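Data block below; observations after.
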Amino acid sequence: MAVLKIEKLGSSVLRRKADEIEEIDPELRELIADMFDTMYEAEGVGLAGPQIGVSRRVVVIDVNNPDHPRMALINPRIVDSDSRTAKEEEGCLSIPGVSAFVKRPEEVEVEAIDESGRPVRVRAGGLLGRCLQHEIDHLNGVLFIDYLSPLKRSMVLKKYRQMQAEEEAEAREKSRDRSREGSKEGGQNSSTRRGR
Ligand SMILES: [Zn+2]
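Counting in our numbering, the sequence shown runs without a single skipped number right up to 1406 at its last residue.
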C-alpha cells in the first residue's frame, strides 16, 4: 500500500495510448491497491494508470455512492453511448486546481475485466457515467481540456499555469525558510521556532 506520485499536464505518459493488460498478477493487484490509496489521498473520484506513470489499461473509480461500490476496471471499453448529451463541470487530478464544463454522452455502457479476472459490464449516467468516460479517455491519451473550445481551453490553461507558478513560488519560499531555520538551529542547538 502506497501513495504514488500523480503525473501532471505536460508529462508525456498522459498523452500516450496505454497498453492492454494481458495478465492479472499479484503485481497488478498491488498496483490497483496503490491506485486506490493515491486516489483517496488526492480526494479524487477516479484515477487511471497513465496518471501514476503506468501506461497500462487500468482505472479505479469510487464516486462515493452506496449504489455504486468502488471498482477497478481492467481493459475497460465503451460499448454503447447515449445519443443524449449532458454538460457538467469536470476536473482532473493531473490538472489540479481548474475545472470546466464538458459535454459528453449522458450515459455509457462499459465492458471490462475486474481484479479477479471476471468480465464486468457497467451501464451508468450521472457522475459515474462521466467518470467512466473521463478515465477511459486517460487510457487513450485524451484529457478533458481537449473537449473545450480553443478560447475556453486557453483560459483554463492560463489559470492552471498561474496557479502552478504560485505554488512553486510558495514551495521555494518554504524551502528557503527551512534552510534558514536549519542553520539557525544548527548554530544555537535549539528547537525553537518550529511549526511554520
Ligand atoms: Zn483525469
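Ideal Cβ placement from N, Cα and C applies to all residues, glycine included.
A quick note: this is a predicted structure, and the numbers were derived from the prediction, not measured.
Residue i: CB within 7 Å of a non-hydrogen atom of ligand 1
i, result
"C1341", "no"
"Q1372", "no"
"S1304", "yes"
"H1278", "no"
Short Cβ contact (8 Å threshold) for residue i with residue j
i, j, result
"L1241", "V1264", "yes"
"R1287", "V1320", "yes"
"F1354", "A1296", "no"
"V1308", "E1298", "no"
"A1258", "L1349", "yes"
"E1316", "R1294", "yes"
"R1340", "E1300", "yes"
"G1351", "R1267", "no"
"I1234", "G1327", "yes"
Buried versus exposed call for residue i [16 or more other C-beta atoms within 10 Å across all chains shown]
i, result
"N1361", "Before going on, a small fix: residue 1361 reads as Leu here, not Asn. It counts as exposed."
"S1359", "exposed"
"E1345", "buried"
"P1260", "buried"
"T1402", "Residue placement at T1402 cannot be trusted, given a pLDDT of 45 that sits under 50; what the coordinates show is reported in the next sentence. Exposed, because fewer than 16 other Cβ atoms sit within 10 Å of the Cβ of T1402."
"A1375", "exposed"
"R1314", "buried"
Distance between beta carbons of residue j and residue i, contact taken as under 8 Å
i, j, result
"D1277", "V1318", "With a Cβ gap of about 17 Å, D1277 and V1318 do not count as contacting."
"L1337", "V1255", "7 Å"
"S1304", "E1217", "6 Å"
"I1231", "N1285", "6 Å"
"M1245", "D1272", "Not a contact, Cβ separation roughly 11 Å."
"D1247", "V1213", "5 Å"
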